[in-house]
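Take a look at the structure below.
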Amino acid sequence: MAKKKRTQVRPLSVRPGARYTCFGDGLCCTDIHGLGPLTKKELVQIRRRDPDGAGWDEDFEDRMLFTEPDGGCHFLLPNLYCRIHSEDGPEAKPDGCRRFPLGLVATPEGGRITTHHRCSCRTMGERPVLTAEAALPSLVNAAGRPKADRRVNKVRLERGKKKVAFDEWLEVETEFLDALASGAAPEAVLDAEPFPKLKGSSWEREAEDFIDATDGTSFGVAISTFGEMVRALLDPDHRYRGPGRPWADAFDRAEAREGEDRGEDEVFADWIADEVWGLDFAQTGSWDVCRAELATRLAVGRAVAKHYRETWDLAPGRAAAEALTVVELVGDSEFWEEIEDRIRV
Ligand code: SF4
């Protein structure tokens with residue numbers, strides 16, 4: 038049996054190649070995702086500042102920040118600064134706001150700093166190399182110590198099989214990340230077929246559920262875009278009728294910054310590398326299912342990027358970065374958790 042090693046948050050490490058700093062593009066403070074959850078203490082502090090700023094949200098069944106009709110957080114100022122941050126500094130913001138798009142996973146080798154890619158400051162333009170020193174202030178608890186989002190000490194390589202020790206996983210992971218970094222096509226490195234069989238469902242049925250989830254928020258736009266594109270990919274007679282891009286303004290701001298377009302392959306390969314580095318799949322899933330679901334989201338992301346390029350005349354890297362907003366939001370949703378449980382490889 039694989040020996041269980043203790044997880045730890047030190048030393049902190051960043052995946053080589055990860056680049057990020059906050060430019061204030063403003064995308065993360067909107068209803069592309071739920072703004073929360075908040076702790077009880079955070080809710081009390083925020084409501085003391087402004088009773089209309091946060092409360093119980095029936096959709097999320099949790100304590101959340103409220104958004105305005107334009108989709109922006111109640112505290113998002115017209116200049117795209119955070120009112121709480123402007124008035125009282127970054128430490129006054131809820132923990133989730135301070136951390137995004139960063140995260141921390143504790144492993145037997147130390148803490149891995151992770152990044153979300155539904156953030157134009159992470160995916161577009163000239164961005165500095167991310168360092169542990171730069172990330173650390175966003176990732177500490179009230180006592181100033183790094184706080185892990187999750188802990189992983191063993192990894193299941195195949196569904197239904199036992200987990201292997203972290204050292205054994207590292208060999209698999211290193212080969213995978215090296216292949217991606219060498220410039221090989223992400224599809225070839227993943228070596229998995231998109232749209233695997235689903236137990237008790239079909240991709241057509243799931244696509245309908247995605248489309249039905251449209252709810253007037255930017256997240257609803259993302260998930261229905263995904264559903265429409267799945268239908269179009271599976272049925273050549275189906276004409277893609279996806280909605281618009283409510284996040285376009287943030288990407289316009291990102292594109293106006295310095296930096297050349299990164300190209301589609303680089304943007305997608307960078308994302309796949311972080312999905313693996315972040316080890317989210319290792320908590321409840323397996324490496325074979327992870328590769329199949331990533332191959333599926335990559336296929337949809339490529340198609341959405343192509344549609345954005347051709348319809349709105351976007352540069353390839355920008356179109357890919359916007360498509361990542363769609364496929365990452367779907368991947369982090371409860372809808373996708375159910376799909377991962379149904380995947381048969
Ligand atoms: S509280 Fe501030 S940082 Fe958090 S979502 Fe609202 S505007 Fe953004």
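Numbers in my numbering are just positions in the sequence shown, counted from 1, shifted up by 37.
Quick reminder that beta carbons are idealized off the backbone N, C-alpha and C, glycines included.
In this text, all values refer to a predicted model and were calculated from it rather than measured experimentally.
Tell me which residue opens and which closes the alpha helix (DSSP H) that residue i is part of.
i, result
"L141", "Counting along the chain, L141 falls outside any alpha helix (DSSP H), though it belongs to the beta strand (DSSP E) covering L139 to T144."
"G133", "D132 to R136"
"L361", "P353 to G368"
"G257", "S255 to L271"
"R56", "Taken as a continuous stretch (DSSP letters only), R56 belongs to no alpha helix (DSSP H), as it is neither H nor E."
"R242", "W240 to D249"
"V226", "P223 to L227"
"A169", "A169 to A172"
Apply the 10 Å Cβ neighbour rule to residue i and answer buried if 16 or more other Cβ atoms are within range, or exposed otherwise.
i, result
"A222", "exposed"
"P48", "exposed"
"P231", "buried"
"R85", "exposed"
"C65", "buried"
"R328", "buried"
"G197", "exposed"
"E124", "exposed"
"V81", "exposed"
"W93", "exposed"
"C59", "exposed"
"R43", "exposed"
"R182", "exposed"
"R242", "exposed"
"W206", "buried"
"E330", "buried"
Taking Cβ positions, are residue i and residue j nearer each other than 8 angstroms?
i, j, result
"K367", "F288", "Checking the displayed sequence, the identity of residue 367 turns out to be Val instead of Lys. No, the pair does not count as a contact, with Cβ atoms beyond the cut-off."
"D325", "V364", "no"
"R56", "V166", "yes"
"L335", "I376", "no"
"G315", "T151", "yes"
"H154", "D311", "yes"
"A319", "S157", "no"
"G133", "L141", "no"
"F112", "R120", "yes"
"Y396", "A285", "Any property of residue 396 remains undetermined from this structure, which presents the chain solely from 38 to 382."
"T160", "V341", "no"
"V267", "G281", "no"
"E163", "E359", "no"
"F372", "D246", "yes"
"L102", "L139", "no"
"L227", "V209", "no"
"T168", "V46", "no"
"E79", "P127", "no"
"T144", "N116", "no"
"P233", "I380", "yes"
"G279", "S255", "no"
"L214", "V337", "no"
So what does DSSP say about residue i, is it helix, strand or coil?
i, result
"R381", "strand"
"V177", "strand"
"W314", "helix"
"L117", "coil"
"C110", "strand"
"P183", "strand"
"A285", "helix"
"R164", "coil"
"L217", "helix"
"T211", "helix"
"V304", "helix"
"R84", "helix"
"R290", "helix"
"R155", "coil"
For residue i, report the span of its beta strand (DSSP E) as first-last.
i, result
"L75", "Note, L75: premise wrong, no beta strand (DSSP E); not H, not E."
"G92", "A91 to D94"
"K343", "Counting along the chain, K343 falls outside any beta strand (DSSP E), though it belongs to the alpha helix (DSSP H) covering W324 to W349."
"D99", "D99 to L102"
"T151", "G147 to T152"
"V192", "K191 to R193"
"V46", "First-last for V46: undefined, no H or E at that position."
"K200", "K200 to A202"
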